Amino acid sequence: MHFAMSTAHTTREEDESNSKDDEEASRLLQSKPLSPPEDEDDEVAYEAREKILVVDLDGIEVEDPSTIRVPPFSWKKLWLFTGPGFLMSIAFLDPGNLEGDLQAGAIAGYSLLWLLMWATGMGLLIQLLSARVGVATGRHLAELCRDEYPDWARLVLWLMAELALIGADIQEVIGSAIAIQILSNGVLPLWAGVIITASDCFIFLFLENYGVRKLEAVFAVLIATMALSFAWMFGDTKPSGKQLLIGILIPRLSSKTIRQAVGVVGCVIMPHNVFLHSALVQSRNIDPNKKGQVQEALNYYSIESSVALSISFMINLFVTTIFAKGFYGTKQANSIGLVNAGQYLQDKYGGGHFPILYIWGIGLLAAGQSSTITGTYAGQFIMGGFLNLRLKKWLRALITRSFAIVPTIVVALIFNTSESSLDILNEWLNVLQSVQIPFALIPLLTLVAKEQVMGVFKIGPVLERVAWTVAALVIVINGYLLLDFFVSEVNGLLFGFAVCAGTAAYIAFIIYLVLRGGGLPCDLISVLSKRLAFTAN
């Protein structure tokens, strides 16, 4: 009898203990992102030994997994989190963007500065969402897409991301080559500059061996070089402070500047940069299962990214206003491009102790070199994430670099004949990148709103609506650019048929991605339907 009662009592205690364990396990599952477990053989952005340990400098390490407890703000911690946002910001400063800035300034004057500011804000929102995905899940966007979509869709997304990266890389490498040509007084031709720039792959590998912080320090020097170069030019040319403030504060847009306005907005979202930022934030050792750590990391990354893009906005503003002061309303305004910009500046402002041509060349070289290295970085994450390739870093970087360098050398040899041919090439490359934007934004917005992926860190309905509105605006604006380009460039029945067939397949895939992710927010669809009905009436 006593043994039976003792056994029953023990069984009851075990049941209660098991019930508590089940409740605790259930609570922990609800408090963490429901990402699939990673296999040891899976490709990862950073190995554990490469990550920077961000210890709690206040000495508080105990965390209740059921609550989000964030320690007080610390400048030392902010410094430890500083880096990924600045690497991400380089895509806002690449040679393609600088060309868009100088053309906007020369053709539209100061009138599009307000749009540059708001476009940078939209870019910041997208990049913060990208960082959110990376920190909350512990995986980057390409890895998540690999699990989210079927094989055929995953391969299409990978191909689109690679094409966008190649298009951006060609612009960046040619920008560097133009800078080398300027700084060598024309001794080195464009193709030689391309080959020199290709060596940055090995510089990148060399720096990466010394740790993430060393690599980030090099990028900080390159960004500072750009800032100093263009700030010096800003001081030399003395743009109008009054016109600058009016341009930022008062929205103005005319039919003559639509193309430049579209270019300003289109440049802020670089498809490869959306993938890149979600991987860069994993360079810090954050446990995605500890909600307090995740929230703290998101807070610091938000501050750091905001500061980084504020600096990039100032650099873009310098370039725009320099050319607005020098060339707005002149005969040369419509003919200025990246190739001849330095010479136009030299003719306008003269030599001096340190000729403005060489200051422009130094800033352009810093922009080109930094963006090509980040392009190599992005290429590794994109290829490794989508295809789950575990290759040695030197081999992966070499493959990624070859994808861009080989076509770039061919392009440099073919298009080195005239400035106009390079301008035509640049337009086609802008189109190539514009086409790819939905294939980065739609997966990002789909995943960041999914509770199964993000857990408690999924975005709320208001932010989701804002994000989809921004994405739709960017896609529509780039669609206008594509339409305008193809209307002016497409000639011949066969080419026109091919463009129409490609457009149909393109739109069908976008619709598939939207529907696969659960579609747009219901209230946003309702608003868009009402507006379309109102327009039709």
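Per full-length UniProt numbering, residue 1 is the first one in the sequence shown, and the count goes up by one each step. Every residue gets a Cβ at the ideal spot worked out from N, C-alpha and C, and that includes glycine. A quick note: this is a predicted structure, and the numbers were derived from the prediction, not measured.
Own chain, CB closer than 6 Å to residue i, minus 5 neighbours either side, in chain order
i    : result
S83  : Sequence check: residue 83 is Gly here, not Ser. E216, listed in sequence order.
F457 : A136
L183 : G361
I90  : S370, S371 and T374
A324 : G105, G109 and Y110
A119 : V264, V265 and V268
D151 : none
E38  : Residue placement at E38 is flagged as unreliable, the pLDDT there being 45, under the threshold of 50; a coordinate-derived value is accordingly withheld.
Exposure label - residue i; buried when at least 16 CB within 10 Å
i           : result
D200        : buried
N209        : exposed
V462        : exposed
L57         : Any answer about L57 is weak, because its pLDDT of 42 lies below 50 and its placement is not dependable; what the coordinates show is given next. That one is exposed.
P438        : buried
G350        : exposed
I478        : It is Asn, not Ile, that sits at residue 478 in the sequence shown. Flag for N478 reads buried.
I250        : exposed
C500        : exposed
P239        : buried
I180        : buried
K331        : exposed
residue 538 : Nothing about residue 538 can be reported from this structure: the residues present for the chain run from 1 to 537 only.
W75         : exposed
A333        : buried
Identified DSSP bridge partners for residue i
i   : result
I52 : R284
Close-in-space but distant-in-sequence residues of the same chain around residue i (CB under 7 Å, 5 per side omitted)
i    : result
A231 : F318
D101 : N316, V319 and T320
A142 : F275, F381, I382, G385 and F386
S6   : Model confidence at S6 stands at a pLDDT of 46, short of 50, so the residue's coordinates are unreliable; what they give is reported in the following sentence. So no residue of the chain qualifies.
K348 : G326
L207 : K214, L215 and V218
A87  : Residue identity check: residue 87 is Leu in the sequence provided, not Ala. Contacts found: E216, F219, L280 and T374.
When the options are compared against residue i, the one with the closest alpha-carbon
i           : options                   : result
L513        : R154, K76 and V70         : R154
N426        : F73, I52, V435 and G96    : G96
Y358        : S229, A224, V470 and I475 : S229
P443        : L78, A91 and R146         : R146
Q433        : A131, E172 and R139       : E172
I246        : L483, V264 and L113       : L113
L429        : N491, A164 and G496       : A164
residue 558 : H277, L78 and G235        : No answer is possible for residue 558: it lies beyond the span of the chain, which begins at 1 and ends at 537.
A261        : P189, Q103, I166 and I196 : Q103
A308        : A220, V187, P71 and L473  : A220
S335        : L422, R252, K392 and A279 : L422
G518        : L473, W468 and G496       : W468
R139        : P407, L398, R284 and I303 : R284
V265        : L481, I166 and I286       : L481
G129        : G496, L515, L483 and E464 : Checking the sequence, you will find Leu at residue 129 rather than Gly. The option with the nearest alpha carbon to L129 is E464.
S302        : G121, Y506, I248 and N185 : G121
A378        : P150, S74, I166 and L80   : I166
S255        : W75, I107 and S310        : I107
V476        : L80, I507, L391 and L493  : I507
F204        : T237, N185, Y149 and W394 : W394
G85         : P407, L298 and T257       : L298
W191        : T408, I510, F486 and G492 : T408
V54         : F495, L413, I286 and N185 : I286
T257        : T237, D236, Q243 and Y328 : Y328
D484        : L413, R259, L391 and A505 : R259
E148        : G492, M454 and F497       : M454
Whole-Å CB distance - residue i paired with residue j, under 8 Å assumed
i    : j    : result
I52  : V212 : 6 Å
G193 : A177 : 3 Å
S305 : L124 : 6 Å
V70  : Q295 : 5 Å
I68  : G337 : That pair is no contact at about 50 Å.
V440 : P271 : The sequence shown places Ala at residue 440, not Val. Their Cβ separation, rounded to whole angstroms, is 4 Å, which keeps A440 and P271 in contact under 8 Å.
V474 : I196 : With 8 Å as the limit, V474 and I196 do not qualify as a contact, their Cβ atoms being about 34 Å apart.
L188 : L364 : That pair is no contact at about 14 Å.
Q452 : M160 : Not confirmed; about 24 Å, so no contact.
A449 : V281 : Wrong, their Cβ atoms sit about 19 Å apart, outside the cutoff.
Y300 : L78  : 5 Å
Contacting residues, own chain, Cβ-Cβ under 8 Å from residue i (five flanking each side not counted)
i    : result
L93  : I223, M226, S312, I315, N316, A367, S370 and S371
V411 : I170, I174 and L425
P355 : Q346
G59  : Annotation note: pLDDT 42 at G59 (below 50); position unreliable, coordinate value reported separately. Taken in chain order, the list of residues that qualify is empty.
F234 : F318, T321 and I322
D22  : Interpretation of D22 is limited by its pLDDT of 48, a score under 50 that renders its predicted location unreliable; no figure is taken from the coordinates.
L445 : L129, E464, A467, W468, A471 and G517
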